[in-house]
Structure formats: structure tokens, C-alpha cells
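See below for the structure under consideration.
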Amino acid sequence: MSEIKSKLEENKTKGSKLKVFCSQCNREINHLVLQSVDTSDTEIYRFSDSVLFWSDNYQIIRCQGCDLVSFRHLSYFSEHEHEYSDGTTSYLYPKRAKDMRKVKDFNNIPDNVIRIYKETVDSFNNGSFLLCAAGLRATIESICLDKNIKSGLVTMLDEDGNPKRKKDGSIETKRSNSLDGKISGLHESNMLTQKHAEILHEHRYLGNDAIHQIKMPSRTQLILGIEIIEHTLESLYEIPEKGEQLNARRKKV
Ligand SMILES: [Zn+2]
Numbered sequence: 064m065s066e067i068k069s070k071l072e073e074n075k076t077k078g079s080k081l082k083v084f085c086s087q088c089n090r091e092i093n094h095l096v097l098q099s100v101d102t103s104d105t106e107i108y109r110f111s112d113s114v115l116f117w118s119d120n121y122q123i124i125r126c127q128g129c130d131l132v133s134f135r136h137l138s139y140f141s142e143h144e145h146e147y148s149d150g151t152t153s154y155l156y157p158k159r160a161k162d163m164r165k166v167k168d169f170n171n172i173p174d175n176v177i178r179i180y181k182e183t184v185d186s187f188n189n190g191s192f193l194l195c196a197a198g199l200r201a202t203i204e205s206i207c208l209d210k211n212i213k214s215g216l217v218t219m220l221d222e223d224g225n226p227k228r229k230k231d232g233s234i235e236t237k238r239s240n241s242l243d244g245k246i247s248g249l250h251e252s253n254m255l256t257q258k259h260a261e262i263l264h265e266h267r268y269l270g271n272d273a274i275h276q277i278k279m280p281s282r283t284q285l286i287l288g289i290e291i292i293e294h295t296l297e298s299l300y301e302i303p304e305k306g307e308q309l310n311a312r313r314k315k316v
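Written out as C-alpha cells, the structure is:
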């Protein structure tokens, strides 16, 4: 037989200050508790004299550096208390931490492309590195779909991975609808510079089929991949739009 006693307290921690990470200030900084609700439950086992205790503290908090309002949840369970833990877990919403990647603000990118980019960054932040690698490739696929790029020339390679040469010494190429081919297609359509297309080709998790071998990518490789994708989105969608806005403004004057 057991008995549960529940308690709810409003604004017990209102006005108190605590140090948590702020995504805008990009550091740990004082936050003020604007509102709070604390719930706790105690379960008492009459015959064994044992007691279980769990509590949840919910707080609306405001950064004292940039005024950003966010949410903090502290969860405690007595059974989770051991040598290496006090039994408390802290959650911040929106999720953030020093090593998390912020989704960049883009204004001129089609919905289907931006959705895949955001899911790719979310996968990285949640530690789903294989899914993130797949997302990097899917983002390029979605760009090619949006730009109607279906193929491009790829360099033929020999067994050692070196470019195959024709009898006249020139490098052998073929038209391909693989992702490599589509990246070349972006350059052939003058949407990307040769250098930019080469960077996409060269990145292990963007241009070739490393993901098909199900090898776990490293954090550093994925950060580089995300940065290359963000740079590609910037140059394909944001910069041309800014250029058009400048032109329109110049014509008005
Ligand atoms: Zn802040």
C-alpha cells in the first residue's frame, strides 16, 4: 500500500536570478525568473517505510543581456540520485547549448529547401550524425530540384581513383544524373563558380557516396558540411535577391 501527496506552488522562484546559456548572447549569462510553477509528489510506502520523491520546476526566464524570453524545466526524481548525479535534469526551450548549431536566418529560400536544411541542423544538434550527413546531401538534391538541374558532366575515374584519360590526353567525362553530376550541372548553368562546385564535390558527405557506406561522420566534418551548404544557399538565393533589391532602389532614385 502506498500514498501519494502532491503539491503545487506558483511563483516560488519569481524574481530570482540564475545563470544559463543564452543563444543570442552565445554565452552563460544571468536570467531573471518572470513566472514559475513548482509541482512535487511524494509516494510513501506504509509497510516498508520507503519514500519516492519527484518534482518539476517550470520557469519563464528573461536574459539579462538581450531580454530574450525562454523556458526552463528542472526535473528531479529521487531514484535517479547516485554518486555522479543529484537526480536533477535541466531542459531549456528553445533547445540551446554552447556546442549547438544555430539555424541561419534566410529570407528567399523555397519552403522545401529550407525545411530540409533546418531538419539537417536539427539532426546535428540532436546528435543524429548519420541523418545529418544524409540531410546535407538531401539539401543539395532539393536545390537541384528547385533549379531544375537534372544532370552534369562527371570525371571518369580508374581503379586507383585517378581521372581516366583519352588517347589525346584529355580527361574522360560522362553526363550523369547522380548527385555529383547535378553539382556539376549547377556550375554548367552558371549558378555556381567552378571553385564552389569543386568544394561541394570534395566534401566527403556532400559530393560522393560516403553516406551509402554507413560510416559515422565526425562532428568536425559535419560542421564543415553545414557551413558549405549555408554558403551555397547564400550565394544561390540570398545574394541574387539582394542584388535585385539594390538595382530596383537605384532605378527609383
Ligand atoms: Zn541573451
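Each residue of the sequence shown is one higher than the one before, starting from 64 at the first, in the numbering used here. For each residue, glycine too, the CB sits at the ideal point set by N, CA and C. As the structure is a computational prediction, the values presented were derived from the model and not from experiment.
Start and end of the alpha helix (DSSP H) containing residue i?
i: residue 296; result: 282-296
i: residue 127; result: From DSSP, residue 127 is part of no alpha helix (DSSP H); its letter is neither H nor E.
i: residue 186; result: 174-188
i: residue 310; result: 302-315
i: residue 200; result: 192-209
i: residue 222; result: Counting along the chain, residue 222 falls outside any alpha helix (DSSP H), and DSSP gives it neither H nor E.
Along the chain, where does the beta strand (DSSP E) that runs through residue i open and close?
i: residue 152; result: 151-156
i: residue 100; result: 90-108
i: residue 132; result: 132-140
i: residue 67; result: 65-73
i: residue 218; result: 215-218
i: residue 236; result: 236-239
i: residue 84; result: 80-85
If we ignore side chains and look at the alpha-carbon of each, how far apart do residue i and residue j end up?
i: residue 76; j: residue 136; result: 13 angstroms
i: residue 164; j: residue 71; result: 36 angstroms
i: residue 128; j: residue 92; result: 7 angstroms
i: residue 206; j: residue 114; result: 58 angstroms
i: residue 118; j: residue 103; result: 4 angstroms
i: residue 217; j: residue 232; result: 17 angstroms
i: residue 249; j: residue 307; result: 21 angstroms
i: residue 304; j: residue 276; result: 38 angstroms
i: residue 109; j: residue 78; result: 39 angstroms
i: residue 300; j: residue 116; result: 54 angstroms
i: residue 186; j: residue 74; result: 35 angstroms
i: residue 230; j: residue 239; result: 22 angstroms
i: residue 189; j: residue 90; result: 20 angstroms
Leaving out five residues on either side along the sequence, give the residues of the same chain with a beta carbon under 6 angstroms from the beta carbon of residue i.
i: residue 180; result: 202
i: residue 236; result: 216, 218
With a threshold of 8 angstroms on Cβ separation, who are the neighbours of residue i within its own chain once the five nearest residues in sequence on each side are excluded?
i: residue 160; result: 84
i: residue 252; result: 210, 212
Return the chain-ordered list of same chain residues with a C-beta closer than 7 angstroms to the C-beta of residue i, the five sequence neighbours on each side being excluded.
i: residue 296; result: 169, 172, 180
i: residue 311; result: none
i: residue 221; result: 227
I'd like to know whether the C-beta of residue i is nearer than 7 angstroms to at least one C-beta of chain C.
i: residue 105; result: Among the protein chains of the structure shown there is no chain C, as only one such chain exists.
Across the stretch 277-296 and the stretch 187-199, are there enough close Cβ pairs to call them in contact, namely three or more that are closer than 8 angstroms? yes
Is the stretch 164-173 touching the stretch 255-265 in the sense that three or more CB pairs, one from each, lie closer than 8 angstroms? no
Would the stretch 154-162 and the stretch 81-98 be scored as touching if the rule is three or more Cβ pairs under 8 angstroms? yes
Report yes or no: do the stretch 174-194 and the stretch 139-153 share at least 3 C-beta pairs separated by less than 8 angstroms? no
Report yes or no: do three or more beta-carbon pairs, one from the stretch 137-146 and one from the stretch 64-76, lie closer than 8 angstroms? no
Count Cβ pairs between the stretch 211-223 and the stretch 232-249 that sit closer than 8 angstroms; are there 3 or more? yes
How about the stretch 90-104 and the stretch 119-126: do they share at least three Cβ pairs that are nearer than 8 angstroms? yes
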